[in-house]
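J.: In terms of this note's numbering, the sequence shown is residues 89 to 306. Got a structure for you, questions after.
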Amino acid sequence: MEDRLLTFRFTLCVSLTLLTAIPTIALSAPTVIEMTENQSQVSKWNRFADAIYVLHKKNIEGREIRETEENGSWGGEFAKRFTFRDVSYHDVKSGRLLSRIRRDAEKPDNIQIIEVYIHDQSGRVTRDYAALYLPWGRNAPVRTYINLHQYREGLHGYRQFDASGERLYEQCRGKLSGHEVDISLENYQIDSKVTSSEAYKSCFEDLPKTADEYLVPH
Numbered sequence: 089m090e091d092r093l094l095t096f097r098f099t100l101c102v103s104l105t106l107l108t109a110i111p112t113i114a115l116s117a118p119t120v121i122e123m124t125e126n127q128s129q130v131s132k133w134n135r136f137a138d139a140i141y142v143l144h145k146k147n148i149e150g151r152e153i154r155e156t157e158e159n160g161s162w163g164g165e166f167a168k169r170f171t172f173r174d175v176s177y178h179d180v181k182s183g184r185l186l187s188r189i190r191r192d193a194e195k196p197d198n199i200q201i202i203e204v205y206i207h208d209q210s211g212r213v214t215r216d217y218a219a220l221y222l223p224w225g226r227n228a229p230v231r232t233y234i235n236l237h238q239y240r241e242g243l244h245g246y247r248q249f250d251a252s253g254e255r256l257y258e259q260c261r262g263k264l265s266g267h268e269v270d271i272s273l274e275n276y277q278i279d280s281k282v283t284s285s286e287a288y289k290s291c292f293e294d295l296p297k298t299a300d301e302y303l304v305p306h
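Laid out in structure tokens, this is it:
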């Protein structure tokens, strides 16, 4: 299982990596722009990030946890002055990665990135959640992700949403009837021509089409 984040394409991208990819974001100096803040989204995304942290605490409660730590600084000319401390939380009994939190190295109460993974009985990730704050900004996360996974006949597909319920991305890899499958679609690329293919249906047809049930991480 790719544990360096199955997911969150902060590229950032969506090569199943997260924390190793995030520092490559072009984090240049903030630009002052005249605009109206979407206060509804700010509140919603902050609640989502808080709920991920609550889920993290619940997910590690009562387990023997092994923590691994990595320290570094963000990429980009402006952002490189911001240092961080990454801590990954593994269940000792199963070896599963349960969550990963990046904190400001100088202000450890400030979470910069948080990810939580939910597994099935076989140890496969069935869904995962993440929120990303810019290292210099605490108003609200700039990225939120809900990833819902499906495994079928040698295929692993996942559908990605943000905390507002917007579908962002879909990816599926594996083999179907002996043929390699590699599907990567941004939301605007998903149309009837794409969704009518056998590979697409095998990858995604049983995944929820909305994230309504998962907008509160659980």
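Heads up, the beta-carbon is just placed ideally off N, CA and C, and yes, glycines get one too. Please read all numbers here as calculations on a predicted model, not as lab measurements.
Which runs of the alpha helix (DSSP H) at least 4 residues long sit entirely within the stretch 142-175? Give them in chain order.
T.: Within the stretch 142-175, no complete alpha helix (DSSP H) run reaches 4 residues.
J.: Please report the distance separating the alpha-carbon of Tyr-141 from that of Phe-166.
T.: So the two alpha carbons sit approximately 28 Å from each other.
J.: Is the stretch 223-240 close to the stretch 274-285, with three or more CB pairs under 8 Å?
T.: In short, these stretches do not touch, since the Cβ pair count stays below three.
J.: From Glu-286 to Gly-164, what does the alpha carbon distance come to, in whole angstroms?
T.: So the two alpha carbons sit approximately 42 Å from each other.
J.: Can you give me the start and stop residues for the alpha helix (DSSP H) that Tyr-288 sits inside?
T.: Where Tyr-288 is concerned, the enclosing alpha helix (DSSP H) stretches over 286-292.
J.: Within 10 angstroms of its Cβ, does Val-304 collect 16 or more other Cβ (buried), or is it exposed?
T.: Classification for Val-304: exposed.
J.: Pairs of beta-carbons, one from the stretch 212-225 and one from the stretch 235-245, closer than 8 Å: are there three or more?
T.: Contact between the stretch 212-225 and the stretch 235-245 is present, because at least three Cβ pairs lie under 8 Å.
J.: Can Arg-184 and Ile-201 be called in contact, C-beta distance under 8 Å?
T.: Cβ atoms of Arg-184 and Ile-201: not closer than 8 Å.
J.: Once DSSP output is grouped into helix, strand and coil, what is the label at Asn-126?
T.: Looking at Asn-126 - three-state DSSP - the assignment turns out to be coil, as it is neither helix nor strand.
J.: Quick one: what does DSSP say Gln-259 is sitting in, helix, strand or coil?
T.: Strand.
J.: Could you give the C-beta distance for Glu-155 and Thr-171, rounded to a whole number, given that I count them as a contact under 8 Å?
T.: In fact, because the Cβ distance is near 19 Å, the residues do not count as touching under 8 Å.
J.: Classify Arg-169 as buried or exposed, calling it buried when 16 or more other Cβ atoms lie within 10 Å of its own Cβ.
T.: So Arg-169 ends up on the exposed side.
J.: Where does Val-130 land, buried or exposed, given buried means 16+ other C-beta within 10 angstroms?
T.: Classification for Val-130: exposed.
J.: Among the candidates Ala-218, Val-175 and Gly-225, whose CA atom is the shortest distance from the CA of Ala-251?
T.: Ranking the options by Cα distance to Ala-251, first place goes to Ala-218.
J.: What are the partner residues of Asp-216, as DSSP defines its beta bridges?
T.: Answer is Tyr-205 and Asn-235.
J.: Quick one: grab the DSSP three-state call for Val-304.
T.: Coil.
J.: Taking Cβ to Cβ, would you say Asn-235 is nearer than 8 Å to Tyr-221?
T.: Their beta carbons are not under 8 Å apart, which means Asn-235 does not touch Tyr-221 by this criterion.
J.: Using three-state DSSP, classify Val-230 as helix, strand or coil.
T.: Note: Val-230 maps to coil in three-state DSSP.
J.: Let's see if you can read the secondary structure: which residues bound the alpha helix (DSSP H) around Val-282?
T.: Its alpha helix (DSSP H) spans residues 280-283.
J.: Give the DSSP bridge partners of Leu-273, in chain order.
T.: DSSP lists Glu-258 as partners of Leu-273.
J.: Across which residues does DSSP place Ser-187 in a beta bridge pair?
T.: Tyr-177 and Val-204.
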